[in-house]
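**Q**
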Amino acid sequence: MEIRKGIAVSPGIAIAKPMLIDSKDYRIPRRSILPSQRSDEILRLRKAFSTAISELEGIGSAEEIKESKIQDIFAVHMRFLRDRSFRKRIKDFISKELVTAEYAVSTILREIASHFAGIDDPYISERAADIYDIEKRLLVRLLGKRQEEVDYLREEVVILSSDLTPTQTAGFNKTFVRGFATERGGRTSHTAIVARSMGIPAVVALGDMSSEVPPECVVIIDGNRGVVVIDPDEETLKQYDRYAQQMSQFVSELDELRELPAETRDGVRIQLMGNIEFPDEAQIVLDKGGAGIGLYRTEFLYLYGGQEPAEEDHYSAYAETIRAMDGRPVVIRTMDLGADKLPHSGWHVTEANPVLGLRSIRYCLQALPLFKTQLRAILRASVLGDVRVMFPLITNLQELRQAKMILRDVMEDLDESAVPYNAEMPVGIMIETPSSALTANLLANESAFFSIGTNDLIQYTLAVDRANEHVSTLFSAADPAVLRLMRGVIQDAHKAKIDLSVCGEAASDPEFIMPLLGMGVRTMSLAPPMIPEVKKIIRSVTIEECNRLSRKIATMDSHRQIQNFLRDAATRILPETF
25 MEIRKGIAVS
35 PGIAIAKPML
45 IDSKDYRIPR
55 RSILPSQRSD
65 EILRLRKAFS
75 TAISELEGIG
85 SAEEIKESKI
95 QDIFAVHMRF
105 LRDRSFRKRI
115 KDFISKELVT
125 AEYAVSTILR
135 EIASHFAGID
145 DPYISERAAD
155 IYDIEKRLLV
165 RLLGKRQEEV
175 DYLREEVVIL
185 SSDLTPTQTA
195 GFNKTFVRGF
205 ATERGGRTSH
215 TAIVARSMGI
225 PAVVALGDMS
235 SEVPPECVVI
245 IDGNRGVVVI
255 DPDEETLKQY
265 DRYAQQMSQF
275 VSELDELREL
285 PAETRDGVRI
295 QLMGNIEFPD
305 EAQIVLDKGG
315 AGIGLYRTEF
325 LYLYGGQEPA
335 EEDHYSAYAE
345 TIRAMDGRPV
355 VIRTMDLGAD
365 KLPHSGWHVT
375 EANPVLGLRS
385 IRYCLQALPL
395 FKTQLRAILR
405 ASVLGDVRVM
415 FPLITNLQEL
425 RQAKMILRDV
435 MEDLDESAVP
445 YNAEMPVGIM
455 IETPSSALTA
465 NLLANESAFF
475 SIGTNDLIQY
485 TLAVDRANEH
495 VSTLFSAADP
505 AVLRLMRGVI
515 QDAHKAKIDL
525 SVCGEAASDP
535 EFIMPLLGMG
545 VRTMSLAPPM
555 IPEVKKIIRS
565 VTIEECNRLS
575 RKIATMDSHR
585 QIQNFLRDAA
595 TRILPETF
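Quick note: the sequence shown uses our numbering, first residue 25, plus one each step.
1) Which parts of the segment 361-446 are runs of the beta strand (DSSP E), unbroken and 3 residues or longer, counting only runs that do not cross its ends?
2) Going by other Cβ atoms of all chains shown within 10 Å of its Cβ, with 16 needed for buried, is residue 27 buried or exposed?
3) Does the ligand ATP have a heavy atom nearer than 6 Å to the CB of residue 131?
4) Could you check if residue 74 is buried or exposed, using at least 16 other CB atoms within 10 Å of its CB as the buried criterion?
5) Taking residue 347 as the reference, which of 318, 485, 306 has the closest Cα?
6) Just to check my reading of the structure: residue 181 and residue 164 have Cβ atoms closer than 8 Å, yes? What is that Cβ distance to the nearest angstrom?
7) Confirm, please, whether the CB-CB distance from residue 289 to residue 316 is below 7 Å.
8) Specify, as a first and last residue, the run of the beta strand (DSSP E) that residue 301 falls within.
9) Would you call the segment 297-305 and the segment 572-584 in contact, with 3 or more CB pairs under 8 Å?
10) Grab me the residues of residue 594's own chain with a C-beta within less than 6 Å of its C-beta, minus the 5 sequence neighbours each way, in chain order.
11) Nearest chain D C-beta to residue 135 closer than 7 Å, yes or no?
12) Following the continuous alpha helix (DSSP H) through residue 226, name the residue where it begins and the one where it ends.
13) Between the C-alpha atoms of residue 293 and residue 271, what's the straight-line distance to the nearest angstrom?
14) Between residue 509 and residue 584, what straight-line distance do the alpha-carbon atoms span, to the nearest angstrom?
15) Which runs of the alpha helix (DSSP H) spanning at least 4 residues fall entirely within the segment 100-139, listed in chain order?
16) Which residues bound the beta strand (DSSP E) around residue 196?
17) For residue 25, does the count of other Cβ atoms within 10 angstroms reach 16, so buried, or fall short, so exposed?
18) Looking only at DSSP bridge pairs, what is residue 242 linked to?
19) Excluding the 5 residues preceding and the 5 following residue 254 in the sequence, name in chain order all residues of the same chain whose CB lies nearer than 6 Å to its CB.
20) Pull up the distance between the alpha-carbon of residue 378 and that of residue 231, whole angstroms please.
21) Would you check if there are 3 or more beta carbon pairs closer than 8 Å linking the segment 332-351 to the segment 550-562?
22) My understanding is that residue 461 touches residue 481, with C-beta atoms under 8 Å, so please give their C-beta distance in whole angstroms.
23) How long is the line joining the alpha carbons of residue 450 and residue 413, rounded to whole angstroms?
24) Just to confirm, are residue 423 and residue 385 a CB contact at a threshold of 7 Å?
25) Can you tell me the Cα-Cα spacing of residue 401 and residue 136, whole angstroms?
26) Just the C-alpha distance for residue 388 and residue 454, rounded to the nearest angstrom, thanks.
27) Identify every residue that forms a DSSP beta bridge with residue 58.
28) How many Å lie between residue 478 and residue 262 at the Cα?
29) Can you give me the Cβ contacts of residue 488 inside the same chain, cut-off strictly under 6 Å, excluding the 5 residues immediately before and after it?
30) Where does the unbroken beta strand (DSSP E) through residue 516 begin, and where does it stop?
31) Roughly how many angstroms lie between the CA atoms of residue 309 and residue 222, to the nearest whole one?
32) Could you round the C-beta distance between residue 382 and residue 390 to whole angstroms and report it? I think they count as a contact, below 8 Å.
33) Bridge partners for residue 206 per DSSP, in chain order?
34) Where does residue 52 sit, in a helix, a strand or coil, going by DSSP?
35) If the criterion is Cβ atoms closer than 7 Å, does the pair residue 421 and residue 466 meet it?
36) When you compare only the Cα positions, how much space is there between residue 265 and residue 259?
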């Protein structure tokens, strides 16, 4: 039995056999070869193609693969893999450029995928996704990595991987993928956020583990405590079976709070809203008793499909969500990606440090066609319900004014076309940098609401990469510097009499609910599965208790001291979670 400690990122217990997979997002550096190595690289290429074809033949002939759509996918892949001109193009690239086979595969296939994605014919443009799949399958062979067929699971497993992308995680079938653990990652990575939204138990930042996991053993993933148990003994397995049953009962009890208000014992009503990625998650928010959507992340519209989403793609997603919420508020955040993440757009740039580069609102203010397309769709959807728009990563008043000016330009375009929209749609911003926090009094004069994004606020304030496991212990909402900034923002919002919420992961952390209430927060937006748990805490405390706790931690000088104090306070209220 081996016990590994990592970072708990999504609560719950998963017990199943392991499936080891590799990250599908391979970054292949250009590596040169000697002229004498040409034949060896071409031989490696030929073997990779041969193995890939054999794999597809094996999967396609399986009894359970009977759906015509799946067979069509296999047929498309097989045509490409067997195409002689396609293989010759890669082989010639190796010979002429003197590069490794994996670099040639990645380069040529991404060129083809980009070309397909840019063609107007929908059938042809959709083939870009097939090319990316073929690229990954060949790279698995060339890099000597093991890849299991997650898409065709027929038994429950837990996924073990070096890392996972958000799109991989979002694509898991929860019926069979019971949980996952990764060697890298952090609590506020997008993968972790997706896992919490989907309710999949997960632990990250475990370090190298793939070589230590026998394929036929059982693995326990404890997403509450951040523990992974490999090949547990019988007594440990029994203990976790009992613990899993207790947690299931606890979750059922929490779900009974669905129709009850999020109200403190002294009668103060708190608005709990949900963070979502996809339209179908709106129903999860409702099922968990959420009062609306406080953060609709729209990035997946850009990351899926290999091409920039059209206005109708945006509108359809927003309209579906707004209609599902049936009059409840929906806060749509404009695109929060960097130029490094959008190679299919005309504004792709390579940056040494994308986190501090052309990203989020900065990127949108330069890529105006892309920005205006999204704003048009949001405005069109604004007549369907209580829609609000939110600009991310605003660092100064000038950026906010520019974004609002572009929004007005789009409104004028819609007026000229007689397209209806809500001219009074509230416009707010995310406070997630020290500069915006320190000038919140100025920004409040031109904002309808603030939403504190604690993930980036912590990252930029403490100079800690939130996805870096080596410094993950430094990433804390309980740091005195972060708390001081948050207090200032909350006070400035109250003085300006504008709405304020917290939509970062701190709002999903049971330990942090009392200090948020004590600092004056009355609206929180969090991962939908966490809504009942947070509601339980709110219904168990008084505002005066939270005020005293907030004043107490303001006198402390280290995040560890504050964290320990908050954990003790939360454990007394919700011992089942800790």
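Cβ coordinates follow ideal geometry from the N, Cα and C atoms, glycine included.
**A** Per the coordinate set shown:
1) 411-415
2) exposed
3) No copy of the ligand ATP occurs in the structure displayed, which carries no ligand at all.
4) exposed
5) 306
6) Actually they do not touch by this definition, with Cβ atoms about 18 Å apart.
7) no
8) First-last for residue 301: undefined, no H or E at that position.
9) no
10) 534, 535
11) No chain D is part of this structure, which consists of one protein chain only.
12) It is not in any alpha helix (DSSP H) - residue 226 instead sits in the beta strand (DSSP E) that spans 226-228.
13) 27 Å
14) 18 Å
15) 108-121
16) Neither: residue 196 is in no beta strand (DSSP E) and is coded neither H nor E.
17) exposed
18) According to DSSP, residue 242 bridges with nothing at all.
19) 26, 237, 243
20) 25 Å
21) no
22) 7 Å
23) 6 Å
24) yes
25) 30 Å
26) 15 Å
27) For residue 58, which the question treats as bridged, DSSP gives no partner whatsoever.
28) 38 Å
29) 495, 498, 499
30) No beta strand (DSSP E) contains residue 516, which is instead part of the alpha helix (DSSP H) from 504-520.
31) 11 Å
32) 7 Å
33) 185
34) coil
35) yes
36) 10 Å
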